[in-house]
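206 is the number that the working numbering gives to position 195 of the sequence shown; each next residue is one higher, with no gaps.
We put the beta carbon where it would ideally sit given N, CA and C, even for glycine.
Computed from a prediction, not measured in an experiment: that's the story for all the values here.
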Amino acid sequence: MNRLTKAWIGLILLMGTLVVNSFGAFGVFNGLSQRELSDRNMTLITPAPSTFSIWSVIYALLIAAAVVMILKNKDEYYGQAIDGISKLFWLSSGLNMLWIVVFSYTLIGVSAIVILAFAITLTLLIFQLGKIQTGNQWLLPAAFGMYTGWLLIATVVNIASWLVSINWQGFGIAADYWGIIILIVAVIVTVIITWITKNAILPVPVAWGYFGIYQSLNAAEGFQGAYPNLAMVAIVGIVLLMAIVAIQLYFNGFRLMPVIKADQVDSL
12 MNRLTKAWIG LILLMGTLVV NSFGAFGVFN GLSQRELSDR NMTLITPAPS
62 TFSIWSVIYA LLIAAAVVMI LKNKDEYYGQ AIDGISKLFW LSSGLNMLWI
112 VVFSYTLIGV SAIVILAFAI TLTLLIFQLG KIQTGNQWLL PAAFGMYTGW
162 LLIATVVNIA SWLVSINWQG FGIAADYWGI IILIVAVIVT VIITWITKNA
212 ILPVPVAWGY FGIYQSLNAA EGFQGAYPNL AMVAIVGIVL LMAIVAIQLY
262 FNGFRLMPVI KADQVDSL
């Protein structure tokens, strides 16, 4: 299969993903919207609804990336990217659509497994991008870095929603303490994945998710400031995550991903 065909398949699957997501948002599947389902299994670490506007940024970047890969399929960098990430991109689109369907039909446990596989797939995709990074290329690292980062926080929230749906009692530990533990672990996981993939933008959507959690904890229509310790941990998490961004940018030579060295190319 030639590169142009691979790139077109990527765009078509992405468009299909947007359609399925729209169906999910309007309750076409099972008569329930994603918002309604999320509200049914509300957790202390569910971000405020406005936070999910980040999807418009992510999908705009992904569409731009998919179109550029079609237009520049003969370019050395984009050609290598098409060869290196196409199958993972296709798989991520399939998992995205599958998640919408299973979540819409209230299969929360299954959806947690699907979204975990989705996040792992995107992490592998980012890792593959790092093998061909040259010059000041930023579009693909930005698009898939934002996508992966947001999926990390979405995975954490999805698992928490599943625990709520099965009435898990948390071994007698208070819900806000579990929330603190989860937020700390999520920062650690983000640090590890950023260190492995060297994608400097990846922690940004995670920090945005933490801001959404802080908003929800303090909003009048949310938890009305009833959990100040958890809210404080969310703020500290934002600071740490943005510090990770700055540190990784520094080590990347102020690029979203570091340029691969000649000796590394020889070893691939």
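- For M26, the closest alpha carbon among the candidates F100, S122 and A242 is that of F100.
- Here DSSP, grouped into helix, strand and coil, assigns P269 to coil.
- One Cα belongs to Y225, the other to V270, and the distance between them is close to 36 Å.
- According to the DSSP assignment, P214 belongs to the alpha helix (DSSP H) that extends over P214 to N229.
- Shortest Cα-Cα distance from W161 to any of I137, E232 and P214 involves P214.
- The three-state reading of DSSP puts N263 in coil, since its state is none of H, G, I, E or B.
- Per the C-alpha coordinates, the member of F262, G35, M243 and A171 positioned closest to T54 is A171.
- Taking the CA atoms as reference points, A18 sits about 21 Å from L109.
- With a contact defined as Cβ atoms closer than 8 Å, L194 and V244 qualify at about 5 Å.
- Residues L228, N229 and A242 of the same chain have their beta carbon placed closer than 8 Å to that of G236, with the five preceding and five following residues left out of the count.
- The beta carbon of M80 is closer than 7 Å to those of A18, G21, Y89, A92 and I93 in its chain, skipping five residues each way along the sequence.
- Counting along the chain, P152 sits inside the alpha helix (DSSP H) bounded by residues L150 to S176.
- According to the DSSP assignment, A92 belongs to the alpha helix (DSSP H) that extends over E87 to S115.
- Q180 counts as exposed, since fewer than 16 other C-beta atoms from the protein chains shown sit within 10 angstroms of its C-beta.
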